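Working notes for the structure below.
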Amino acid sequence: MTVEHKILFTGTMGAGKTTAIAGVSEIPPVSTDVRNSDTSVAKATTTVGLDYGELTLDNGEKLRLYGTPGQMRFDFMWRILGRGALGVVILVDNSRPDPLADLDIYLDGFAELIAQTACVVAVGRMETHPSPGIDAYARRMEAKGVVCPVLPANVTDAQQVVQLLELLLLQLEV
Amino acid sequence: MTAVNTVPKSQRALLSYSVEGLPHREEVLLKSLIRLLDHRTHQNWSWKAEQADLRVVGDQVALAAASPQPAVPTLTVAHADPQRGPFLALPLHTDALEVVLNRLGAMVVHARGLGLAMTEVPIGEHEEFRMLRWPPAAVLEAPIRLRLATLMSNRPASVLSLQQRSPATRQECADFLADLQRAGLLERAAPPGALVAASAPDSVFPDSRFPAPARDTVQPGLLARIRNRLGLLPSGPQ
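Taken in order, these protein sequences are the chains called A and B. Just so we're aligned, residue 50 is where the first sequence starts under this note's numbering, counting upward by one. Just so we're aligned, residue 809 is where the second sequence starts under this note's numbering, counting upward by one.
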């Protein structure tokens, strides 16, 4: 039987989940994108189901990369996807109106997974939207009892996605 | 205004300030200005709720203070000078703020050197500490520190355990913990099984009086295989 492992990418619509997975997956990501009807977000399509990518490890096992749907109405899928995951990468878009409130949604939605595994928070678009700063995120996480790496990231750069995954793996070391 | 600070962030002293009795608007403005001045001030300043290196107070707090705490300099921010030590006039101006921060920062650093200021308790090599919050960028300037902070993000660590789990030297680990302590981001780890005294107000954990649940363990060798597949160099013991 093939052993499977998984890592989740979550975050708001447009935060870059699909892009992050595409940067490291060995297969073209499978996405369930549809035409975006949310006029508040400048995107032609958005993911309503999930994104999927994978990596084959040297012993044949698969590391599956799942991008969760961003919208909160799909939070039932977050719990399903979270079962057995190695950890979660939360992508936050700093250009949104209240990115700290966005962070709260995912910290709460994945609370159980974060408590039991590992988490990294990557804040995008800080070069054009520097506020709130990283320390504000750290304090928000502290208020929820979460201490995990939070750093600016541009997920269009695959190397930065790899770095996020490395920070996730570091937390899993015994 | 002084010239742009050319001292690398990692070589600047990490100092903290607390704010008491300022109108909310002035407090928010003060914190924003201190962040904006970070590339100019001689020390790296970060806000701390209490037990900071510098107390910034409004005039009512300054007047109510029966006796100043000698080890902690107090900066009064008000419209009128209460004639009780360092003073900064409202409305706030960045130039004046920069000057006073540099002056008081130098004083704190000097006092530390003389052993007069609130000094941190020495860190034993085996002593375990918990990191309270992800550190500010000034503490993470060196790349190895990003790794050390990550290793501390979900479990307590000592100088020795950090050294064992990372490529950092013992001195690098000790310096990192010392900087965290100066920034007020470190607390001694409770013995196993002990209740955690302080709870996060809005913790994601069901009952934050208790330590976070034990982490799931991963299959032996899995992390190395993932790193290998991602093209990452082997790191630390698995």
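Heads up, the beta-carbon is just placed ideally off N, CA and C, and yes, glycines get one too. Fair warning: this is a prediction, and the values are worked out from it, not measured in the lab.
Other residues of its chain near residue i: CB distance less than 8 Å, five sequence neighbours each side excluded
{"i": "Leu970 of chain B", "result": "Leu956, Leu959, Met960, Ala976, Cys981, Phe984 and Leu985"}
{"i": "Thr902 of chain B", "result": "Met809, Leu841, Leu844 and Leu845"}
{"i": "Leu838 of chain B", "result": "Val827, Leu830, Val864, Val885, Leu900 and Leu905"}
{"i": "Leu772 of chain B", "result": "The question about residue 772 of chain B has no answer, for chain B in this structure spans 809 to 1046."}
{"i": "Gly131 of chain A", "result": "Leu57, Val137, Phe159, Glu161 and Leu162"}
Where the beta strand (DSSP E) through residue i begins and ends
{"i": "Phe895 of chain B", "result": "Phe895 to Ala897"}
{"i": "Arg188 of chain A", "result": "Element bounds for Arg188 of chain A: not the beta strand (DSSP E) but the alpha helix (DSSP H), Ile183 to Ala192."}
{"i": "Pro201 of chain A", "result": "Val199 to Pro201"}
{"i": "Gly136 of chain A", "result": "Gly136 to Asp142"}
{"i": "Arg938 of chain B", "result": "Phe937 to Met939"}
{"i": "Trp853 of chain B", "result": "Asn852 to Trp855"}
{"i": "Leu112 of chain A", "result": "Lys111 to Gly116"}
Residue i - containing alpha helix (DSSP H), residue span
{"i": "Ile842 of chain B", "result": "His832 to Leu844"}
{"i": "Arg848 of chain B", "result": "Here Arg848 of chain B belongs to no alpha helix (DSSP H), and DSSP marks it neither H nor E."}
{"i": "Thr67 of chain A", "result": "Lys66 to Val73"}
{"i": "Gly158 of chain A", "result": "Pro148 to Gly158"}
Buried or exposed (CB count within 10 angstroms, at least 16 for buried), residue i
{"i": "Leu852 of chain B", "result": "Contrary to the premise, residue 852 of chain B reads as Asn rather than Leu in this sequence. Classification for Asn852 of chain B: buried."}
{"i": "Pro1028 of chain B", "result": "exposed"}
{"i": "Asp867 of chain B", "result": "buried"}
{"i": "Gly133 of chain A", "result": "exposed"}
{"i": "Pro943 of chain B", "result": "buried"}
{"i": "Gly932 of chain B", "result": "exposed"}
{"i": "Gly109 of chain A", "result": "exposed"}
{"i": "Pro899 of chain B", "result": "exposed"}
{"i": "Pro78 of chain A", "result": "buried"}
{"i": "Ile129 of chain A", "result": "exposed"}
Bridge partners - residue i, DSSP secondary structure assignment
{"i": "Thr884 of chain B", "result": "B:Val865 and B:Phe895"}
{"i": "Gly173 of chain A", "result": "A:Asp142"}
{"i": "Ala965 of chain B", "result": "B:Phe937"}
{"i": "Cys168 of chain A", "result": "A:Val137"}
{"i": "Asp100 of chain A", "result": "A:Ser80 and A:Gly116"}
Residues of its chain near residue i, where Cβ-Cβ distance is below 7 Å and the 5 sequence neighbours each way are ignored
{"i": "Glu995 of chain B", "result": "Phe937, Arg938 and Leu940"}
{"i": "Ala860 of chain B", "result": "Ser824, Tyr825 and Ser826"}
{"i": "Glu75 of chain A", "result": "Glu103, Leu104 and Thr105"}
Proximity test, Cβ basis, 7 Å: residue i and chain B
{"i": "Asp285 of chain A", "result": "For residue 285 of chain A there is no data in the structure shown, the boundaries of chain A being 50 and 223."}
{"i": "Asp224 of chain A", "result": "With chain A covering 50 to 223 only, the question about residue 224 of chain A has no answer from this structure."}
{"i": "Leu227 of chain A", "result": "The structure shown has nothing for residue 227 of chain A, since chain A only spans 50 to 223."}
{"i": "Leu104 of chain A", "result": "yes"}
{"i": "Glu176 of chain A", "result": "no"}
{"i": "Thr204 of chain A", "result": "Checking the displayed sequence, the identity of residue 204 of chain A turns out to be Val instead of Thr. With 7 Å as the cut-off, Val204 of chain A does not count as an interface residue toward chain B."}
{"i": "Pro198 of chain A", "result": "yes"}
{"i": "Ala187 of chain A", "result": "yes"}
{"i": "Gln208 of chain A", "result": "no"}
Residue-level contact to chain A via CB, residue i, 7 Å cutoff
{"i": "Gln833 of chain B", "result": "As written in the sequence, residue 833 of chain B is Arg, which differs from the Gln given in the question. No - not a single Cβ of chain A is within 7 Å of the one on Arg833 of chain B."}
{"i": "Pro881 of chain B", "result": "no"}
{"i": "Asn962 of chain B", "result": "yes"}
{"i": "Leu956 of chain B", "result": "no"}
{"i": "Leu968 of chain B", "result": "no"}
{"i": "Met915 of chain B", "result": "no"}
{"i": "Pro951 of chain B", "result": "no"}
{"i": "Arg996 of chain B", "result": "no"}
{"i": "Ile1034 of chain B", "result": "yes"}
{"i": "Val1026 of chain B", "result": "yes"}
{"i": "Pro975 of chain B", "result": "no"}
{"i": "Arg1037 of chain B", "result": "yes"}
Close Cβ partners of residue i (< 6 Å) along its chain, the five nearest in sequence each way excluded
{"i": "Ala71 of chain A", "result": "Pro78"}
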